[in-house]
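Right, one structure below, let's go through it.
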Ligand SMILES: Nc1ncnc2c1ncn2[C@@H]1O[C@H](COP(=O)(O)OP(=O)(O)OP(=O)(O)O)[C@@H](O)[C@H]1O
Ligand SMILES: [Mg+2]
């Protein structure tokens, strides 16, 4: 499988390289988002591509945009990425790019947690609550929460970690009306997606949505949606509370990096062994197949 670590599209103005996606301007109202095969772990971008990962993520987002389109408008335009680049650049966008409406990003990320894991679990152990929301006593790691929790985070600048904020803080930053709308839509998106995923034997433990406003101030779902990078997917058949369940994402990479006690989780990234790359690639491919019932369309 051909991999793409960084795109080099010179027929369009480059807006910037994110950790995983490269954005280009298409006119003044659209953007081309190319999902590369870069992988970030602990917010540090690894030096090696995971071949095909970008295609998997792009296809996952497309799948969910379609499934959730009745809940909220999204950034897709339907314009074919192949049609906005030069002929010799088509290979770089095929299967891994979208042409999206260029929106004004809302600088608060919408995190929804259905299960208590990761930073939420750490928070709960220390305080009995998650991001200031008090929870019942006696929860175990990876337990299902009584109701999905909305825990907003302030979008960090490049190289910084996102920072959890309270709902009151979110209201202050973006206004009470928009905050409530984002919260209610995010929970509805999560519940709808989790219900579908359950029929495919997948638990969506938590996820992060991003929204933006169009020129009329209408809120749109943007960025990536319910991918293995923005969410924790657990195979339902090996789920059990009281442990950290295996997941369909970069867990192999994280576990490997945790063994490198010398590495302080800051750039530069250490080299990844070939078997870690291959196992991670296999997980992403398994995830798309489990979720959609289709193999990756490459
Ligand atoms: N329709 C859109 N209009 C404007 N900006 C968008 C749109 N969709 C996505 N973006 C932005 O494009 C960027 C995508 O890049 P990427 O996800 O690789 O970077 P990142 O956000 O730095 O990394 P991470 O996802 O780990 O936080 C994000 O900043 C995202 O907010
Ligand atoms: Mg991102």
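In the working numbering, the protein residues as written are 5 to 302.
Using N, Cα and C, we set each Cβ at its ideal position, and we do this for glycine too.
Inset, instruction - Can you grab the Cα-Cα spacing for the pair residue 180 / residue 275, in whole Å? - result: 45 Å
Inset, instruction - Give a yes or no on whether 7 Å exceeds the smallest Cβ distance from residue 90 to chain D. - result: Going by chain labels, chain D is absent from the structure shown, which holds only one protein chain.
Legend entry - According to DSSP, residues forming a beta bridge with residue 35: 29 and 104
Legend entry - Neighbourhood of residue 270 by C-beta, 7 Å cutoff - its chain only, sequence neighbours within 5 removed: 48
Legend entry - Complete runs of the beta strand (DSSP E) confined to the segment 169 to 253 [at least 3 residues]: 206 to 217, 223 to 226 and 235 to 239
Legend entry - Span separating the alpha-carbon of residue 110 from that of residue 190: 14 Å
Inset, instruction - With DSSP collapsed to three states, give me the class of residue 294. - result: helix
Legend entry - Residue interval of the beta strand (DSSP E) (run including residue 18): 18 to 21
Inset, instruction - Could you check if residue 170 is buried or exposed, using at least 16 other CB atoms within 10 Å of its CB as the buried criterion? - result: exposed
Inset, instruction - Check residue 55 in the structure and name its three-state DSSP category. - result: coil
Legend entry - C-beta atoms of residue 106 and residue 34 nearer than 7 Å: yes
Legend entry - Inter-residue Cα distance where the pair is residue 155 and residue 208: 16 Å
Legend entry - Pick from 50, 97 and 13 that is closest to residue 257, judged by C-alpha positions: 50
Inset, instruction - Say whether the segment 52 to 63 touches the segment 198 to 217, bearing in mind that this needs 3 or more beta-carbon pairs closer than 8 Å, one atom from each stretch. - result: no
Legend entry - DSSP-derived helix/strand/coil call for residue 124: helix
Inset, instruction - Indicate the three-state DSSP secondary structure (helix, strand or coil) for residue 258 in the structure shown. - result: helix
Legend entry - Three-state secondary structure (DSSP) of residue 271: coil
Inset, instruction - Return yes when the C-beta of residue 106 is under 6 Å from any heavy atom of ligand 1, and no when it is not. - result: yes
Legend entry - With 16 other Cβ atoms within 10 Å as the buried cut-off, status of residue 265: exposed
Inset, instruction - Under 8 Å Cβ to Cβ from residue 205, same chain only, skipping five residues before and after it: list those, please. - result: 239, 240, 241 and 294
Legend entry - Check: residue 64 C-beta below 6 Å from any heavy atom of ligand 1: no
Legend entry - Proximity to residue 198 [Cα-Cα], best of 72, 131 and 84: 72
Inset, instruction - To the nearest angstrom, report how far apart residue 222 and residue 86 are at their CA atoms. - result: 28 Å
Inset, instruction - List the endpoints of the continuous beta strand (DSSP E) containing residue 88. - result: Here residue 88 belongs to no beta strand (DSSP E), and DSSP marks it neither H nor E.
Inset, instruction - Find the nearest neighbour of residue 157 within the set 136, 43 and 145, judged by alpha-carbon distance. - result: 136
Legend entry - Nearest candidate by alpha-carbon position, reference residue 75, set 196, 290 and 260: 196
Legend entry - Segment limits, beta strand (DSSP E) that includes residue 114: 112 to 119
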